[in-house]
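> Got a structure for you, written out below as structure tokens; questions coming shortly.
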Amino acid sequence: MSDFKFILHPDFKLNGLTFSSTEELLHFADDLQNQGEAYEYSVGSFLEQWVDFEPWIEVSTSGSTGIPKRIKLEKSRMINSAEATGAYFKLGPGTTALLCLSADFIAGKMMLVRAMVLGWDLHVVAPEKDALTQYDNAYDFVAMVPYQLDYSIDALSKVRKLIVGGSPVSQQLLDKIQDAQTEIFATYGMTETITHVAVRRLNGFARSDIYTALPGVQFEADDEGQLIIHAPKISEEVIRTNDQVDLVSPTSFKWLGRTDSVINSGGVKIYPEWVEQKLSRFLNNRLIVTSEPDAALGERLILVIESQSTELPGLEEALNSLGKFERPKKIYTLSHFPMTPTDKIRRSDIRQLIHHYGLR
1 MSDFKFILHP DFKLNGLTFS STEELLHFAD DLQNQGEAYE YSVGSFLEQW VDFEPWIEVS
61 TSGSTGIPKR IKLEKSRMIN SAEATGAYFK LGPGTTALLC LSADFIAGKM MLVRAMVLGW
121 DLHVVAPEKD ALTQYDNAYD FVAMVPYQLD YSIDALSKVR KLIVGGSPVS QQLLDKIQDA
181 QTEIFATYGM TETITHVAVR RLNGFARSDI YTALPGVQFE ADDEGQLIIH APKISEEVIR
241 TNDQVDLVSP TSFKWLGRTD SVINSGGVKI YPEWVEQKLS RFLNNRLIVT SEPDAALGER
301 LILVIESQST ELPGLEEALN SLGKFERPKK IYTLSHFPMT PTDKIRRSDI RQLIHHYGLR
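First residue of the sequence shown? That's 1 in UniProt numbering, and the numbers climb one at a time after it.
Structure follows, in structure tokens:
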């Protein structure tokens, strides 16, 4: 594989600074690593990796469904991903964008790549929950995780288009964003797909449960209903996922849940993610729906709620919103949910705690 030579877009700006060459950008990256705060060090470290001659970078997966692993991504394919995002959202040179995610992970790295490739004016801030509210700037494009979006409701007028990913958006948060003029999209993807390969609108008249592919991406489902991704510009190999979907067309699907989380209780298949979505309309707490062994049913549905108290306002109303087979047979509380560095719930860790220690 040949050395990587990157040509910086002439319109690219980073916190108001312009760069006449990659060498100048490299000096700036050195300054961030030597003098910057922790989040700036991460930005500088990635910029340094990006402009070196290696044709790939090494990144870490999130670890939400297993042990985090290191994988190599080709820089040329990361550029293809950036161009697909720009084309889908119509974000060309001069786009004002906010990076409020950690550059340690793929979502933050790709915001930097998009800016350098497409010629964006990128504002980089600490990856805090209230990042949007701290500044008066207006932005064409912002990427967030759900808890940041929740803290940004009153500041959404600053943003034209916003993508949210990393974990599901609760029903309560969905309700909060419906009147926002900002176009807000959920993303579907993973580190292996170099962030998102599909998006769906979350608010307004265009709101949809259907994910639509980015340019150059197509889908199929295998015999078990698991999504298969064809994205030749992003991955040389076909990507087989662990996600159950209803395939609508070769470029669209409805996400049902993860295969390894589907609960078969007495012969009835239950998708916990859909039950969680219903419950989240009434409960502010973090929660997961999972299962434990049952002699009669094989496995029974259980609900685990993050709470330091057994008093849970809204719980009865939440349970009454569920169908017959969706109601949990047991409810557990856990004072603190184990989380990944990207703020995803470690579901497997919670199941182990329940099964091994019999939490109540």
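Even for Gly, the Cβ is constructed at its ideal location relative to N, Cα and C.
Return the bridge partner residues of P293 from the DSSP annotation.
Paired residues: E299.
> Which residue wins for smallest C-alpha separation from N285, given the options R77, T310, K269?
Ranking the options by Cα distance to N285, first place goes to T310.
> Could you work out which residue in L353, W56, L17 is closest to F4 when comparing CA atoms only?
When only C-alpha atoms are compared, the closest one is W56.
> State whether the stretch 72-79 contacts the stretch 130-145, with contact taken as three or more CB pairs (one from each stretch) at a distance under 8 Å.
Output reads no: the stretch 130-145 does not touch the stretch 72-79.
> Residues in its own chain within less than 7 Å of G225 by CB, not counting five upstream and five downstream?
Around G225: Q244, V245.
> Can you name the residues that DSSP bridges to N246?
Strictly speaking, residue 246 in this sequence is Asp, with Asn absent from that position. Paired residues: K254.
> So, does the stretch 316-327 touch the stretch 337-344, judging by three or more C-beta pairs under 8 Å?
Counting Cβ pairs under 8 Å, fewer than three are found: no touch.
> When DSSP builds the beta bridges, which residues end up paired with I268?
As written in the sequence, residue 268 is Val, which differs from the Ile given in the question. In the DSSP output, where bridge partners are listed per residue, V268 has S265.
> Roughly how many angstroms lie between the CA atoms of A155 and A186, to the nearest whole one?
Computed Cα separation, rounded: 19 Å.
> Leaving aside the five residues before and after D150 along the sequence, list all residues of the same chain whose C-beta is less than 6 Å from its C-beta, in chain order.
Only L173 meet the Cβ criterion.
> Can you tell me which residues form a DSSP beta bridge with H196?
Note: H196 sits in a beta bridge opposite G189.
> For K69, is the classification buried or exposed, using 16 other Cβ atoms within 10 angstroms of its Cβ as the cut-off for buried?
By the neighbour-count rule (16 or more Cβ atoms within 10 Å), K69 is not buried but exposed.
> Measure the beta-carbon distance from W274 to G298 and round it to whole angstroms, keeping in mind my assumption that it falls under 8 Å.
Contact flag wrong, Cβ pair sits at about 20 Å.
> In the DSSP assignment, what residue or residues form a beta bridge with D121?
D121 is bridged to K13, T96.
> In chain order, what residues of the same chain have a beta carbon less than 7 Å from the beta carbon of R360, not counting five sequence neighbours either side?
Low confidence applies to R360: its pLDDT is 45, below 50, so where it sits in the model is not reliable, and the reading given next is rough at best. Excluding residues within five positions, the ones whose Cβ falls inside 7 Å are Y332.
> With DSSP as the reference, label R346 as helix, strand or coil.
Residue state, collapsed to three classes: coil.
> In this structure, does DSSP put T85 in helix, strand or coil?
Helix, per DSSP.
> Could you give the residue range of the beta strand (DSSP E) that holds A103?
It is not in any beta strand (DSSP E) - A103 carries neither H nor E in the DSSP assignment.
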